[in-house]
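Those letters in the sequence shown? Residues 1 to 451, per UniProt numbering, in order. Following: one structure in structure tokens, then a few remarks.
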Amino acid sequence: MNAPAALAAKYDLRVPRYTSYPTAPHFSAALDGRLYRTWLSELDPQQPLSLYFHIPFCDSMCWFCGCYTKIVQQYQPILDYLETLHREIGLIAQALPGRFTARHLHWGGGSPTMLKAEDWLRLVEALRAAFDIAADAELAVEVDPRDTTEEYVTALAAAGVNRVSIGVQDFDATVQAAVNRLQPFATVERVANWLRQHGIWRLNLDLMYGLPHQTVARVTAMAEHAVTLAPSRVALFGYAHVPWMKSHQKLIDESALPGVDERLAQYLAAADVLIGHGYRAIGLDHFALPGDPLAEAAAAGQLRRNFQGYTTDGADVLIGFGASAIGSLPQGYIQNAAPLKTYRTAIAEGMLPTARGIALDAEDRLRRAIIDSLMCALSVDLDVVCRAHGVAADRFAAELERLQPLAADGLVTIAGARITVTDEGRPFVRLAAAVFDAYLETGAARHSRAV
Ligand code: SF4
Numbered sequence: 001m002n003a004p005a006a007l008a009a010k011y012d013l014r015v016p017r018y019t020s021y022p023t024a025p026h027f028s029a030a031l032d033g034r035l036y037r038t039w040l041s042e043l044d045p046q047q048p049l050s051l052y053f054h055i056p057f058c059d060s061m062c063w064f065c066g067c068y069t070k071i072v073q074q075y076q077p078i079l080d081y082l083e084t085l086h087r088e089i090g091l092i093a094q095a096l097p098g099r100f101t102a103r104h105l106h107w108g109g110g111s112p113t114m115l116k117a118e119d120w121l122r123l124v125e126a127l128r129a130a131f132d133i134a135a136d137a138e139l140a141v142e143v144d145p146r147d148t149t150e151e152y153v154t155a156l157a158a159a160g161v162n163r164v165s166i167g168v169q170d171f172d173a174t175v176q177a178a179v180n181r182l183q184p185f186a187t188v189e190r191v192a193n194w195l196r197q198h199g200i201w202r203l204n205l206d207l208m209y210g211l212p213h214q215t216v217a218r219v220t221a222m223a224e225h226a227v228t229l230a231p232s233r234v235a236l237f238g239y240a241h242v243p244w245m246k247s248h249q250k251l252i253d254e255s256a257l258p259g260v261d262e263r264l265a266q267y268l269a270a271a272d273v274l275i276g277h278g279y280r281a282i283g284l285d286h287f288a289l290p291g292d293p294l295a296e297a298a299a300a301g302q303l304r305r306n307f308q309g310y311t312t313d314g315a316d317v318l319i320g321f322g323a324s325a326i327g328s329l330p331q332g333y334i335q336n337a338a339p340l341k342t343y344r345t346a347i348a349e350g351m352l353p354t355a356r357g358i359a360l361d362a363e364d365r366l367r368r369a370i371i372d373s374l375m376c377a378l379s380v381d382l383d384v385v386c387r388a389h390g391v392a393a394d395r396f397a398a399e400l401e402r403l404q405p406l407a408a409d410g411l412v413t414i415a416g417a418r419i420t421v422t423d424e425g426r427p428f429v430r431l432a433a434a435v436f437d438a439y440l441e442t443g444a445a446r447h448s449r450a451v
């Protein structure tokens with residue numbers, strides 16, 4: 001076994017992805033819509049907002065999918081859902097103490113491409129009625145290229161969308177067949193061309209490694225194909241095989257899944273191609289061209305992480321709309337009910353559809369600052385964080401001790417109170433973050449592989 005493979009095998013642990021801290025499995029059902037309403041009422045209208053909209057519908061199931069979505073063949077359930085979403089926008093706007101300005105808007109799913117163009121425009125109109133949208137706001141949409149028509153791209157452009165993430169995973173036909181997502185390169189290329197023709201220049205590609213039948217050679221070819229489309233950002237996600245949480249993943253042939261050492265080799269191979277074409281590695285799993293705001297934010301130490309991954313979004317208030325959507329407020333996290341019926345019933349009764357959440361205490365904020373810094377900047381100065389949070393500088397002696405094996409393997413360096421994730425350690429950064437996770441041992445949650 002070569003050195004990276006040996007490390008991958010040694011650290012084949014399952015840890016969270018840290019898109020929040022505390023992570024979602026530790027949210028409590030005790031947090032309800034009444035408390036959320038209070039939190040909203042306490043916000044300052046000067047605070048910029050980030051808005052997330054979850055569209056939980058697709059027309060076929062990709063077997064690797066980790067999202068909350070439903071397969072529908074008819075449009076009526078989507079229309080019904082949109083009606084509820086419109087009402088939710090009204091309820092939130094009423095709960096806020098004034099008119100707020102949104103700076104980042106993101107539509108994910110599921111597939112926002114399941115919406116008809118006219119409904120898409122109607123939704124953006126409703127948002128403009130409820131919120132001011134900053135002139136330089138980022139309006140980002142995840143699209144499934146299989147469902148994307150030129151008419152739809154026209155509607156996105158008319159609505160002011162200025163960033164699109166195209167779901168790709170891999171271009172290889174064998175891999176696509178093994179995950180039930182047939183999507184030739186030409187389909188993706190056509191959508192990328194339409195987007196640019198209609199003035200949407202900021203393109204992200206979402207790629208994956210660790211899928212069934214992927215090999216280093218196939219992943220290398222995937223990355224080489226991807227760069228020919230010149231996306232300004234690439235997300236390179238490791239497939240998270242969690243069939244105990246996502247039962248459709250049981251359709252994946254486990255014998256075709258790459259092992260942990262192969263997964264790391266695939267990640268490194270794809271990263272090599274991207275970096276060789278001028279992309280900068282950002283955090284755990286993103287890459288961006290130097291002029292892209294994500295690369296600039298990373299260089300300036302201003303990279304942030306939220307439920308969509310790495311972002312330039314500096315807003316402290318993220319409001320989630322739609323079934324299962326998660327929001328982040330200065331007071332804590334909240335998550336909407338996932339079952340569509342529960343979500344719809346709550347809103348029909350004029351209530352916020354909150355199902356769970358967590359109020360942050362001082363300890364959570366302290367540890368979140370450390371974990372965010374590790375995940376975004378790949379380093380943290382514990383003295384600086386402790387000082388900012390008013391706690392003793394030697395507070396994390398036990399955690400520093402627990403980092404020693406990672407340091408001995410060259411994955412992190414520890415100089416006094418400064419922890420830095422090395423280049424070799426980048427794929428293992430979740431392990432360093434997990435050392436500071438006070439909840440990790442307390443739940444029954446089972447997570448995906450660290451690499
Ligand atoms: S299109 Fe996206 S959300 Fe829908 S099933 Fe496939 S991966 Fe999941």
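A virtual CB, placed ideally from N, CA and C, is assigned to each residue, including glycine. None of the values given here were measured: they were computed from a predicted structure.
Going by beta carbon distance, what residues of the same chain come within less than 8 Å of residue i, once the five residues before and after it are set aside?
i, result
"M1", "Annotation note: pLDDT 47 at M1 (below 50); position unreliable, coordinate value reported separately. Correct list, in chain order: A9, D261."
"I358", "P22, H26, F27, S28, L31, G332, Y333, D364"
"T154", "A117, H198"
Within 7 Å: the Cβ of residue i and any heavy atom of ligand 3?
i, result
"M208", "With respect to ligand 3, the structure offers nothing, as its ligand set consists of ligand 1."
Is the separation between the beta-carbon of residue i and that of residue j shorter than 8 Å?
i, j, result
"I252", "V179", "yes"
"L31", "R367", "no"
"V227", "L274", "yes"
"G291", "A377", "no"
"A5", "A265", "yes"
"Q94", "R146", "no"
"I347", "Y36", "no"
"A159", "V124", "yes"
"I92", "A157", "no"
"L289", "A297", "no"
Counting C-beta neighbours from all protein chains within 10 Å, is the total for residue i 16 or more, i.e. buried, or is it exposed?
i, result
"G108", "buried"
"S20", "buried"
"G210", "buried"
"N193", "exposed"
"Q46", "exposed"
"A362", "exposed"
"D437", "buried"
"G425", "buried"
"P330", "exposed"
"A299", "exposed"
"T84", "buried"
"D80", "exposed"
"P405", "exposed"
"Q73", "exposed"
"T38", "exposed"
Within a Cβ cutoff of 6 Å, which residues of the same chain sit near residue i, ignoring the five residues on either side of it in sequence?
i, result
"P212", "A178, I252, D253, A256, L257"
"A433", "Y18, I371, L374, M375"
"R163", "E138, A140, R202"
"S165", "E142, N204, D206"
"Y439", "P22, H26"
"T420", "S379, T413"
"R181", "C62"
Quick check: is any heavy atom of ligand 1 less than 7 Å from the C-beta of residue i?
i, result
"S165", "no"
"D144", "yes"
"T69", "yes"
"S111", "yes"
"M245", "no"
"R17", "no"
"M375", "no"
"C386", "no"
"R87", "no"
"M222", "no"
"M351", "no"
"R365", "no"
"R37", "no"
"R181", "yes"
Taking 7 Å as the limit between beta carbons, can you name the residues of its chain near residue i, skipping five residues before and five after?
i, result
"Q214", "D170, V175, P258, Q266"
"E150", "W194"
"A397", "none"
"N306", "T19, D313, L318, S328"
Using 8 Å as the cut-off, can you tell me whether the region 311-322 makes contact with the region 46-64, which would need three or more C-beta pairs spanning the two stretches below that distance?
Judged by pairs of C-beta atoms under 8 Å, the region 311-322 touches the region 46-64, as three or more such pairs exist.
So does the region 218-234 actually touch the region 33-43, counting three or more Cβ pairs closer than 8 Å?
Output reads no: the region 33-43 does not touch the region 218-234.
Given 8 Å, three or more beta-carbon pairs between the region 339-352 and the region 81-89:
yes
Decide yes or no for the touch test of the region 278-288 against the region 234-241: beta carbon pairs closer than 8 Å, at least 3 of them.
yes
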